[in-house]
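**Student:** Residue numbers 438 to 568, in our numbering, belong to the letters of the sequence shown in order.
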Amino acid sequence: MKILVYIKNSDGDKRAISVAAEHAKAFNASVDLISVISENSETPMGAVEKAETALNNYIDNFFKPEGISCVSKVIMTTLAHGEAVVQYADNHHIDEIIMSIRKRSKVGKLFFGSTTQFVILEAPCMVITVK
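#1: Using a Cβ-Cβ cutoff of less than 6 angstroms, which residues in the same chain neighbour Glu381 once the five nearest sequence positions on both sides are dropped?
#2: Can you give the Cα-Cα distance for Ile505 and Arg452, rounded to whole angstroms?
#3: Ile471 and Asp532: beta carbons closer than 8 angstroms?
#4: Between Glu520 and Phe555, what straight-line distance do the alpha-carbon atoms span, to the nearest angstrom?
#5: Between which two residues does the alpha helix (DSSP H) harbouring Asp450 extend?
#6: According to DSSP, is Asn446 part of a helix, a strand, or is it coil?
#7: Starting from Asp527, trace the alpha helix (DSSP H) in both directions and tell me its first and last residue.
#8: Between the Cα of Thr490 and the Cα atoms of Glu479, Val508 and Ser478, which residue gives the shortest distance?
#9: CA-CA distance, Phe548 and His460?
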């Protein structure tokens, strides 16, 4: 079994990782951690390095101590983040996606869309959301 955790640099990331570690232990699964960065002129310098450091810290603190196989990837893309997550899940034969959610107003969803909603509707596998 392969579990994908989408890290979006939010307060819910640690909760999503904790659930992923529980599931990985229970189902003898491997874990893929990904972070998606928009590839455009507004992307801050050092964004990729910062994301890689965060992913490596999660691996060192949550997965290595438990003996859970885990890999990480920072994805630079022009796609919407939800599309990048679904594409990764398709290409890597992911069985379960775990991601945190946050409350957003209807107006916020109208203007910015919802990555979580897109992933839930389009993913080729089960999606677990964590508050």
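Glycine included, each C-beta is placed from N, C-alpha and C at the ideal position. All values reported here derive from a predicted model rather than from experimental measurement.
**Tutor:** In short:
#1: With the chain covering 438 to 568 only, the question about residue 381 has no answer from this structure.
#2: 17 angstroms
#3: no
#4: 7 angstroms
#5: Asp450 to Phe464
#6: coil
#7: His518 to Asn528
#8: Val508
#9: Reliability of the predicted coordinates at Phe548 is poor, the pLDDT of 49 falling under 50, and no value is obtained from them.
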